[in-house]
Amino acid sequence: MPVFNPISAVNDINRFRQIVAVLFSHGFGQLVDQILTADTPFANLISKLRREEHNTPQENITLARRALLVLQDLGPTFIKLGQILSTRADLIPDEFIQEFKTLQDDVPAFSFNEARILIETELGGSIEDIYKSFNQNQLATASIGQVYTAVLKTGEEVVVKVQRPNVGITIERDIDLLYILARLAERQSPDLKLLNPVGIVKEFEKAIQRELDYNTELRNALRFAEAFKYHDQVIIPKVYKEYSSKKVFTMEKINGVKITSAELVGSDKKVLAKVALQAILHMVFENGFFHADPHPGNLFALPDNKIAILDLGMVGRLDEEMRDKMAELVIALNTRNTEGVARSLYKLGKTEEKIDFSEFKRDVGDVLDKILGLPISEIKFSEIINDLIQGAKKNRISIPNDYTLMGKAILTIEGIGRMLDPQLDLEAEAEPFVRKLIRERYSPKRIGEDLYKRGSQFYQWSYDVPVQMVSILEDIQNGNIKLKTEDTNQALSLKIWEQIIGKLTAGFITSALIISSTIFLIETKESFTFNGLPLKFVLGLVYMAFALFLGLNIIRNIKFKKSD
């Protein structure tokens with residue numbers, strides 16, 4: 069752990085004093101004492117603060133609410149920390165998530181003159197040269213920046229996000245202090261170490277760095293626009309790269325209302341409920357790139373039953389492998405297969421220590437008991453997924469953040485949809501997407517691609533292992549590895565080596581046949597036919613059958629030798 073040097077960071081000491089004072093004021097004095105013991109560089113300062121501050125017990129206020137008050141009192145960085153943590157069911161308990169969801173930016177506005185200086189520095193010209201008109205009164209103020217309205221020289225109405233001056237420096241300073249406190253917490257308290265405070269700070273740092281770079285939101289907007297270019301009812305605001313930078317972001321102004329007030333623009337709430345839900349499902353299941361925070365303020369209702377999706381800075385990603393694992397989980401859920409659900413969750417999660425799988429399976433069983441005997445139409449999968457994530461966390465299985473973001477996004481959009489249309493059926497709307505996901509996962513083409521990939525891996529393995537064996541034999545010959553052998557076993561040892569070499573050779577041939585057959589099965593454009601089938605396809609089947617025969621023969625021999 070890096071040693072904190074108070075002499076070289078006077079500002080940090082002042083900020084540290086403020087953080088500790090706020091913790092004391094909300095009844096966290098015991099936590100401070102636990103983390104900042106006598107062997108830390110801050111012991112003298114803590115002793116002084118303890119005398120100055122009154123650590124008043126707040127028995128009528130929950131721990132989660134007191135944590136909320138601490139974040140509010142500490143300002144923009146900590147408010148943003150709470151907002152980000154409110155999306156992380158894998159990191160903090162649900163009671164904290166519910167409290168942190170209420171966090172709102174409550175920061176003073178910065179002046180238009182400061183905004184002007186930043187815009188002109190970032191875009192390399194005066195505001196008058198860039199925009200036809202620019203409203204000096206901010207439309208909204210947040211912890212990271214402010215939003216203004218303007219009109220381009222070409223006549224388009226736009227909104228301009230301008231980053232708060234020096235906010236990056238302020239956040240960097242606070243993150244440095246958070247790292248110090250997190251490392252001290254892990255060192256001083258085994259109980260706190262289980263919560264992985266350093267990991268939480270790392271996740272926060274990554275998330276806040278993305279928010280501090282407006283180019284991230286610009287790229288996200290372009291990607292969403294491409295994904296929805298054939299969806300007439302879903303509008304992604306146009307972005308203007310030439311008027312944007314890391315600290316300035318110019319995008320199309322959307323003249324709409326919150327989706328919960330759809331009647332104000334003459335749109336049907338029930339129709340919009342389906343449009344919004346299907347938009348999120350399309351992102352999750354087909355694109356693997358989704359809006360991670362689809363609350364009503366980010367979904368605007370437009371005339372003609374259209375919606376606009378705003379604030380595209382926070383996104384989640386599910387690559388092909390992650391969606392494959394999700395398909396396996398959905399199949400297991402659909403068949404009420406407790407073992408399958410538990411193993412699917414275990415595969416898509418991460419563990420740093422051995423877990424009691426039987427106990428985890430029992431916890432999964434308790435969740436599935438809630439849906440035992442229910443038809444798919446009556447199951448609230450968003451709640452089930454959330455319960456399963458909590459069960460995994462309880463058993464020290466860390467579910468990747470993108471899965472938890474997906475669960476939160478679907479849960480949020482289901483809640484909004486039910487506000488608009490109480491009869492909205494999430495499962496009915498999701499079923500076509502899920503079926504397509506499963507169909508693609510187990511399509512002949514995907515199976516062929518998987519076989520090709522596995523065959524290639526086995527081919528590489530069969531090449532690498534002999535090389536490694538030669539290296540081991542050279543080490544033995546050079547005396548770097550000592551082996552104890554007996555003459556009575558010499559013949560047996562030779563026999564074992566013959567078997568190994570034989571299996572490697574057969575494995576090499578098998579992998580080569582798998583690769584060849586897969587290529588022939590996939591590439592079937594062939595003018596020559598055999599009994600109406602493309603010749604390459606027939607050859608692929610023959611090679612695959614031969615590979616299967618060799619593979620089964622290897623397995624049979626292995627089992628036979630074990631029985632000897």
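Numbering (the numbering used here), first residue to last: 69 to 632. The beta-carbon is built from N, C-alpha and C at its ideal position, and this holds for glycine as well.
Secondary structure of residue i, DSSP reduced to three states
i: F96; result: coil
i: M382; result: coil
i: T145; result: helix
i: H299; result: coil
i: A496; result: helix
i: H350; result: helix
i: F41; result: The requested residue 41 does not occur in the structure, where the chain is confined to residues 69 to 632.
i: A395; result: helix
i: L159; result: coil
i: Y308; result: coil
i: T170; result: coil
i: S539; result: helix
i: T406; result: helix
i: K342; result: helix
i: L139; result: helix
i: A651; result: Here the chain covers residues 69 to 632 and nothing more, so residue 651 does not appear.
i: A369; result: strand
i: S524; result: helix
i: T683; result: Look at the range of the chain in this structure, 69 to 632, and you will see that residue 683 is not part of it.
i: K321; result: coil
i: K315; result: coil
Contacting residues, own chain, Cβ-Cβ under 8 Å from residue i (five flanking each side not counted)
i: R134; result: H94, G95, F96 and Q126
Per-residue burial, residue i [other beta carbons within 10 Å of its own, 16 or more giving buried]
i: D437; result: exposed
i: N181; result: exposed
i: Y199; result: buried
i: Y298; result: exposed
i: E482; result: buried
i: V100; result: buried
i: K315; result: buried
i: L207; result: exposed
i: F598; result: Any reading at F598 must be qualified, since the residue scores a pLDDT of 48, below 50, and its modelled position is unreliable; no value is offered.
i: L440; result: exposed
i: R507; result: exposed
i: R503; result: exposed
i: I29; result: No answer is possible for residue 29: it lies beyond the span of the chain, which begins at 69 and ends at 632.
i: A157; result: buried
i: G381; result: buried
i: Y216; result: buried
i: L413; result: buried
i: T480; result: buried
Chain-order list of residues whose beta-carbon lies under 7 Å from that of residue i (same chain, five-residue window excluded)
i: M69; result: Confidence in M69 is poor, its pLDDT being 43 and thus under 50, which makes the residue's placement unreliable; the coordinate value appears in the next sentence. Closer than 7 Å at Cβ, skipping near neighbours: R251 and R255.
i: S201; result: A218 and V219
i: S595; result: In this prediction, S595 scores a pLDDT of 48, lower than 50, which makes its location untrustworthy; the coordinate-derived value is nonetheless stated afterwards. Excluding residues within five positions, none has a Cβ falling inside 7 Å.
Residue-level contact to chain C via CB, residue i, 9 Å cutoff
i: V100; result: Although the question refers to chain C, the structure presented lacks it and comprises just one protein chain.
Contact test: residue i Cβ vs the ligand ADP heavy atom, cutoff 8 Å
i: I303; result: The ligand ADP is not part of this structure, which contains no ligands at all.
6 Å Cβ shell around residue i - same chain, five flanking residues per side excluded
i: V398; result: V502
i: T284; result: R278
Check your understanding: Unbroken alpha helix (DSSP H) runs of length 4 or more, entirely within the stretch 208 to 288: which are they?
Key -> Assignment of alpha helix (DSSP H) within the stretch 208 to 288, counting only whole runs of 4 or more residues, yields 235 to 256, 258 to 262 and 265 to 280 in chain order.
**Study point:** At least 3 beta-carbon pairs within less than 8 Å: the stretch 372 to 380 vs the stretch 341 to 351
**Key:** Yes, the stretch 372 to 380 touches the stretch 341 to 351.
Review point. Which runs of the alpha helix (DSSP H) spanning at least 4 residues fall entirely within the stretch 413 to 488, listed in chain order?
Key: 425 to 437, 449 to 462 and 469 to 488, all fully within the stretch 413 to 488.
Check your understanding: Between the stretch 457 to 469 and the stretch 416 to 431, are three or more C-beta pairs nearer than 8 Å?
Key -> With the cut-off at 8 Å, the stretch 457 to 469 and the stretch 416 to 431 touch.
Check your understanding: Is the stretch 178 to 196 close to the stretch 291 to 308, with three or more CB pairs under 8 Å?
Key -> Contact between the stretch 178 to 196 and the stretch 291 to 308 is not established, with fewer than three Cβ pairs separated by less than 8 Å.
Check your understanding: Does the stretch 234 to 242 come close enough to the stretch 140 to 158 that 3 or more CB-CB pairs lie under 8 Å?
Key -> At 8 Å Cβ cutoff, the stretches touch.
Review point. Between the stretch 255 to 271 and the stretch 333 to 340, do at least 3 Cβ pairs fall closer than 8 Å?
Key: Counting C-beta pairs with one atom in each stretch, the stretch 255 to 271 and the stretch 333 to 340 have fewer than three that are closer than 8 Å, which means they do not touch.
Point to revise | Three or more C-beta pairs below 8 Å linking the stretch 472 to 481 and the stretch 351 to 360 | key: A contact exists between the stretch 472 to 481 and the stretch 351 to 360.
Review point. Do three or more CB pairs link the stretch 399 to 411 to the stretch 486 to 495 at distances below 8 Å?
Key: Output reads no: the stretch 486 to 495 does not touch the stretch 399 to 411.
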